[in-house]
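A.B. asks: Mind looking over this structure? Questions follow.
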Amino acid sequence: MNVASLSYSLVKSSRKSISIIVHPDGRVVVKAPKRATNGQIHEVLKNRMGWIEKHRKRFEEQRLKNPERKFLSGERHLFLGEEFILRIRKADVNRVMLNCEYIDVECVDESIVEELMRQWHLSMAKERLPQIVTPVIESFRSIYKVAPARITVKHMRSRWGSCSSRKAVSLNSKLIMTPERCIEYVMVHELCHLIHFNHSENFYSLLAEILPDWKERKKELRSFSLYGY
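Here it is in structure tokens:
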């Protein structure tokens with residue numbers, strides 16, 4: 001594929017540089033300064049075609065590996081890296097519970113199971129993720145004398161985490177599907193941005209200093225799709 005055949009959306013704003021975002025559904029969005037010319041945009045796209053195709057391929061592999069959920073009894077759903085069997089039964093109240101190897105969903109109408117599961121995962125993420133990452137943050141603070149201004153857990157479509165220039169860190173609620181070691185990796189990755197707000201050599205040196213096995217954790221994290229819930 002070349003730039004001429006690439007379909008993408010262009011968003012111009014007061015930003016200072018051109019960036020490219022590949023969404024899990026394969027869409028490509030280019031964000032560019034208002035003054036950027038078509039030639040400049042095409043040159044950036046040309047240089048990043050390999051990167052774009054790599055990410056599209058990875059997302060496609062994830063879609064094949066993790067087919068669309070039907071939210072029916074018997075399906076296997078993830079929680080903190082472990083598989084649980086979904087059990088659904090009608091009841092007078094709506095609630096979701098962990099019960100040994102099962103996720104039990106009681107509901108007045110089975111058509112709302114998916115929404116109940118989404119709400120449950122978000123609620124559990126807001127409860128459990130801070131418990132997991134707080135020791136990581138405190139350790140980082142004691143050594144590097146810096147910490148996030150705040151931590152937010154929310155649904156994010158295409159990122160596991162982010163760090164703003166104001167030192168606010170956001171964690172994807174879908175991390176609740178992954179093992180604690182993966183959650184710790186995402187937290188450390190974002191903490192490193194408090195010192196190096198880029199992905200420079202210095203950034204990765206710091207990441208490796210804190211988590212020598214970060215590449216293995218990142219690889220494991222990639223095995224968990226951003227789809228699913």
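Using UniProt numbering, the first residue of the sequence shown is number 1, and each one after it goes up by one.
Glycine included, every Cβ here is placed at the ideal spot set by N, Cα and C.
(1) Within its chain, find whatever has a CB closer than 8 Å to the CB of Val108; leave out the 5 residues flanking it on each side and keep chain order.
(2) From Gln119 to Ser7, what distance separates their C-alpha atoms?
(3) Measure from the alpha carbon of Phe71 to the alpha carbon of each residue in Lys167, Asn99, Glu106, then state which is nearest.
(4) In three-state terms, what does DSSP make of Pro135?
(5) Along the chain, where does the alpha helix (DSSP H) that runs through Cys107 open and close?
(6) What does DSSP give as the partner residues of Lys31 in its beta bridges?
(7) Cα-Cα, which of Lys54, Ala36, His155 is closest to Lys16?
(8) What does DSSP give as the partner residue(s) for Ser162 in the beta ladder?
(9) If I follow the unbroken beta strand (DSSP E) through Lys70, where does it start and stop?
(10) Within 10 Å of its beta-carbon, does Val146 have 16 or more other beta-carbons around it, so buried, or fewer, so exposed?
(11) Output needed for Tyr229: all residues of its chain with C-beta closer than 8 Å, excluding positions within five of it in sequence on either side, in chain order.
(12) What does the Cβ neighbour count give for Ser14, buried or exposed, with the cut at 16 atoms within 10 Å?
(13) Output needed for Arg181: all residues of its chain with C-beta closer than 6 Å, excluding positions within five of it in sequence on either side, in chain order.
(14) Have a look at the DSSP bridge pairing and note the partners of Val3.
(15) To the nearest whole angstrom, what separates the beta carbons of residue 265 and Lys167, a pair I think is in contact under 8 Å?
(16) Hey, Ser5 and Val29: beta-carbon distance below 9 Å or not?
(17) From the DSSP output, read off the bridge partner residues of Leu151.
(18) Residue 237 to Arg56, Cα distance in whole Å?
(19) Residues in the same chain with beta-carbon distance under 7 Å from Leu129, minus the five sequence neighbours each way, listed in chain order, please.
(20) Sorted by chain position, which residues of the same chain lie with C-beta nearer than 8 Å to Gly26's C-beta, five sequence neighbours on each side aside?
C.D. replies: Looking at the coordinates:
(1) The residue labelled residue 108 in the question sits at position 108 within the sequence shown. By the criterion of a C-beta distance shorter than 8 Å, Val108 is surrounded in its chain by Lys90, Ala91, Asp92, Val93, Asn94, once the five residues flanking it on both sides are discounted.
(2) Taking the sequence shown and counting its residues from 1, one reaches residue 119 at position 119. Taking the sequence shown and counting its residues from 1, one reaches residue 7 at position 7. Roughly 34 Å between the two C-alpha positions.
(3) Walking along the sequence shown from the start, residue 71 turns up at place 71. Looking at Lys167, Asn99, Glu106, the one whose alpha-carbon comes closest to that of Phe71 is Glu106.
(4) Position 135 of the sequence shown, counting from 1, holds the residue named residue 135. Here Pro135 sits in helix by DSSP.
(5) In the sequence shown, counting from the first residue as 1, residue 107 sits at position 107. In this chain, Cys107 is not harboured by any alpha helix (DSSP H); it is covered by the beta strand (DSSP E) spanning 102 to 107.
(6) The sequence position of residue 31 within the sequence shown is 31, counting from 1. Beta-bridge pairing links Lys31 to Val11, Ser19.
(7) Within the sequence shown, numbered from 1, the residue matching residue 16 stands at position 16. Distance from the Cα of Lys16 is smallest, within the candidate group Lys54, Ala36, His155, for Ala36.
(8) Here residue 162 is taken as the residue at index 162 of the sequence shown, counted from 1. Under DSSP, Ser162 takes part in a beta bridge, and its partners are Ser170.
(9) Here residue 70 corresponds to residue number 70 of the sequence shown, with the count starting at 1. Annotation for Lys70: no beta strand (DSSP E) segment contains it, and DSSP assigns it neither H nor E.
(10) The sequence position of residue 146 within the sequence shown is 146, counting from 1. Under this definition Val146 is an exposed residue.
(11) As a position in the sequence shown, residue 229 is number 229, starting the count at 1. With a pLDDT of only 45 at Tyr229, under the threshold of 50, the placement of this residue in the model should not be trusted; the figure read from the coordinates follows. Hits under 8 Å: Arg69, His77, Met117, Arg118, His121, Lys174, Met177.
(12) Counting from one through the sequence shown, the residue named residue 14 turns up at place 14. With fewer than 16 other Cβ atoms within 10 Å, it is exposed.
(13) Walking along the sequence shown from the start, residue 181 turns up at place 181. Excluding sequence positions up to five before and after Arg181, its CB lies within less than 6 Å of the CB of Arg217, all in the same chain and listed in chain order.
(14) Taking the sequence shown and counting its residues from 1, the one referred to as residue 3 is at position 3. According to DSSP, which records beta bridges pairwise, Val3 is partnered with nothing at all.
(15) Given a span of 1 to 229 for the chain in the structure shown, any question on residue 265 remains unanswerable.
(16) Along the sequence shown, one-based indexing puts residue 5 at 5. Along the sequence shown, one-based indexing puts residue 29 at 29. No, they are not a contact pair.
(17) By one-based count along the sequence shown, residue 151 stands at place 151. The question names Leu, but residue 151 is Ile in the sequence shown. According to DSSP, which records beta bridges pairwise, Ile151 is partnered with Val169.
(18) This structure does not reach residue 237, given that the chain is present from 1 up to 229, and the question cannot be answered.
(19) As a working mapping, residue 129 is identified with position 129 in the sequence shown. Once the five neighbours on either side are set aside, the close Cβ partners of Leu129 are Val153, Leu171, Leu175, Ile176, Ile183.
(20) Locating residue 26 in the sequence shown gives position 26, where the first residue counts as 1. So the list reads Arg56, Phe59, Glu60, once near-sequence residues are dropped.
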